[in-house]
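Chemist: Next up is a structure, given as structure tokens.
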Amino acid sequence: MKRLSLQWRITLMSVLLIGITCVVMNLLLCSSGVYYMDTIADSLQGGGTVILNDGGAASFDPQLIAPNEELTIVVDGVQGRFRTTNWYITAAVTLLSGILAYFVSGRALKPLRSFVSQVEQVQLNNLADMRIDEDAISEFRQLSRSFNQMLERLNNAFAAQRQFTGNAAHELRTPLALMQARLELFSAEHPDVRPETAEFLTLLREQTERLTQMTRTLLEMSNLRQVARNEQIQLAPMIEEIFTDLAPLAEKNGITLEAEGDGIMTGSDALIYRLIFNLTENAVKYNRPGGSVRVSVTQELEKLLLRVSDTGCGIPEVYQRSIFQPFFRVDKSRSREYGGAGLGLSLVWEIADLHGGSVWVEKSSEKGTTIAVGLPTQQSTKP
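With UniProt numbering, the residue at position 235 of the sequence shown is 235, and numbering never jumps.
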């Protein structure tokens, strides 16, 4: 049965179902007809009853009828009841057949549900390891093979994209570092330049630093999947360390940093540090003067929930799904003012996804924004 095509499976099951239905229908109808014929026969033997048109009944004795005398018996209403009973039987059998057909067709389409279930498990981070079972019925065998080939092409395309990004970022590091060094040296050797020249040099240094930061982030993103994720991480000490690193920026803006809760997970210490750091740094940068940033951790049985809340101006709902895209900025003028390349939240999304988690805007209004990250406590054994 497993090697039969889906068309033949459904055909054979339908034939079997129709055959069983016809047999059951025939047996029931015959039983009903025999019952009514037996009833008539019984009425013709000693003290039978003739059903009249007006609903009355008359008894007679068959012994009083001469052998050569004709006897006419008018039976009224039996045919109607017989037809009605047969319609009831037909309706009941049809309903039962429909119920059986539903379950039978569900069993016949079980390979399709299995195929759909495997397709739903395909994610961006498991393209290399995910393959659809090709040992299926004939209709799905070619589809499974084509789908696996598509996954392979997608994985190769993403791998080529990551390799290109990493190579480009790696090649840009040297000239950018040289430019930075030259600018610093020129500024140190010429402290008494005109104000216009000093402003121009400051702009060059800022933009060079921005390009260097972008290159560093792109290089990190291209190498994420090569990082081991088997370290035991305790989040509370890590958050305190991040607060220490961000203390100068927070004090400059008058931002209060608060931490609550703790959790333990398995992953990459460096990547989880960068995830929390980027979220906290954004919350400090885009906050109101004198505001606060709160980082809370809730430990659950198989996952932990990290929340980073600020008291900023909020993120418009239309942008809440787009802020994790590379180079996306809600307010480009403010982004240029605070620096950055628009890759911080994109890197957060990549790190969360690499650890089997997710990140989203939990709530946002004029009173502030809360970004939540859900992370499993244990990592998959797949690379």
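Built from N, CA and C at the ideal position, the CB exists for glycine as well.
I need the DSSP call for Ile255, collapsed to helix, strand or coil.
Modeler: Three-state DSSP puts Ile255 in coil, outside helix and strand.
Chemist: May I ask which residues mark the beginning and end of the beta strand (DSSP E) holding Glu317?
Modeler: No beta strand (DSSP E) holds Glu317; DSSP gives it neither H nor E.
Chemist: Report yes if the C-beta distance between Val293 and Asn287 is below 8 Å; otherwise report no.
Modeler: Yes. Within cutoff.
Chemist: How far does the beta strand (DSSP E) with Asp353 in it reach, from first residue to last?
Modeler: Counting along the chain, Asp353 falls outside any beta strand (DSSP E), though it belongs to the alpha helix (DSSP H) covering Gly344 to Leu354.
Chemist: Smallest Cα separation from Glu362: which of Asp310, Gln379 and Ser346?
Modeler: It is Asp310 whose Cα lies nearest to the Cα of Glu362.
Chemist: Compare the beta carbon distance of Met130 and Gln121 with 8 Å and say whether it is the shorter of the two.
Modeler: Yes; because the gap between Cβ atoms is below 8 Å, this pair is in contact.
Chemist: Under DSSP, the beta strand (DSSP E) around Leu305 begins and ends at which residues?
Modeler: Element bounds for Leu305: Lys303 to Asp310.
Chemist: Does DSSP classify Glu206 as helix, strand or coil?
Modeler: Note: Glu206 maps to helix in three-state DSSP.
Chemist: Within 10 angstroms of its Cβ, does Ser346 collect 16 or more other Cβ (buried), or is it exposed?
Modeler: That one is buried.
Chemist: When you compare only the Cα positions, how much space is there between Asn278 and Met179?
Modeler: Computed Cα separation, rounded: 26 Å.
Chemist: Would you check if the distance between the CB atom of Gln299 and the CB atom of Asp262 is smaller than 8 Å?
Modeler: Yes, the pair counts as a contact, with Cβ atoms nearer than the cut-off.
Chemist: Please identify the residue among Ala188, Met25 and Pro195 whose C-alpha is closest to the C-alpha of Ala92.
Modeler: Answer by Cα proximity: Met25.
Chemist: Please state if the CB of Gly357 and the CB of Pro326 are separated by a distance shorter than 8 Å.
Modeler: Not in contact: Pro326 and Gly357 (Cβ atoms no closer than 8 Å).
Chemist: Starting from Lys363, trace the beta strand (DSSP E) in both directions and tell me its first and last residue.
Modeler: Here the beta strand (DSSP E) through Lys363 covers Ser358 to Ser365.
Chemist: So for Ser292, helix, strand or coil by DSSP?
Modeler: Three-state DSSP puts Ser292 in a strand.
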